[in-house]
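The sequence shown begins at 1 in UniProt numbering and counts up one residue at a time. We put the beta carbon where it would ideally sit given N, CA and C, even for glycine. A short worksheet on the structure shown next.
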Amino acid sequence: MLAELRKVILSASSEITEDVKWKMPSKPLGSPTWELEGIICVADYLKNAVRLTFPKGAQVQDPQGLFNSRLDSKVARAINFEEQDQIPAEGLRQLVLEAAAVNQNLKPKK
Numbered sequence: 001m002l003a004e005l006r007k008v009i010l011s012a013s014s015e016i017t018e019d020v021k022w023k024m025p026s027k028p029l030g031s032p033t034w035e036l037e038g039i040i041c042v043a044d045y046l047k048n049a050v051r052l053t054f055p056k057g058a059q060v061q062d063p064q065g066l067f068n069s070r071l072d073s074k075v076a077r078a079i080n081f082e083e084q085d086q087i088p089a090e091g092l093r094q095l096v097l098e099a100a101a102v103n104q105n106l107k108p109k110k
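Structure follows, in C-alpha cells:
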C-alpha cells in the first residue's frame with residue numbers, strides 16, 4: 001500500500017521531495033514524509049492500514065471527500081488506507097497539489 005501511495009504522491013509534481021523523519025526506538029523505520037516548501041503529508045503505519053496525514057489539511061479543499069480521519073482537528077486531516085482499498089490516484093494527486101499550494105501561500109513574501 002505504501003509503495004502505491006508513494007508513486008501517486010511523487011507523480012503529482014517533480015518538485016516534491018521524499019524523506020524519512022522521526023526515527024526512534026519505538027518507530028525504527030520512522031515516518032515517510034513528502035515536502036514542497038514544507039511538509040505536504042506524512043505516512044504512518046497502523047495495525048491494518050496506512051494513515052496519510054496532511055498537517056495543514058484543514059486548509060486543503062477536498063471536493064472528493066477523501067479525508068476520513070482527524071476530521072475534528074482544527075489543523076490536520078488524514079486518510080486511512082486499508083490494504084483492500086483502491087487508491088483514488090487523481091483525487092490524491094489533487095490533494096497533494098492543494099497541500100503544496102497551501103505551503104507556498106504561507107511562505108513569507110520576499
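Close-in-space but distant-in-sequence residues of the same chain around ILE9 (CB under 6 Å, 5 per side omitted): By 1-based counting over the sequence shown, the position of residue 9 is 9. Closer than 6 Å at the Cβ level, and outside the excluded window around ILE9, lie TRP34 and VAL96.
Cβ distance (whole Å) where ASN48 is taken to contact GLU4 below 8 Å: Sequence index remark: in the sequence shown, residue 48 carries index 48 (1-based). Sequence index remark: in the sequence shown, residue 4 carries index 4 (1-based). Contact doesn't hold; Cβ gap of about 16 Å is too wide.
C-beta contact flag for ASP44 and SER31 at 9 Å: Residue 44 sits at position 44 when you count from the first residue of the sequence shown. Residue 31 sits at position 31 when you count from the first residue of the sequence shown. The Cβ-Cβ distance between ASP44 and SER31 falls below 9 Å.
Residues of its chain near ALA12, where Cβ-Cβ distance is below 7 Å and the 5 sequence neighbours each way are ignored: In the sequence shown, residue 12 corresponds to position 12, counting from 1. These residues qualify, in order along the chain: ARG93, VAL96 and LEU97.
Local conformation of ALA49 per DSSP, three classes: Stepping through the sequence shown from its first residue, residue 49 is reached at position 49. If DSSP states are grouped into helix, strand and coil, ALA49 belongs with the strands.
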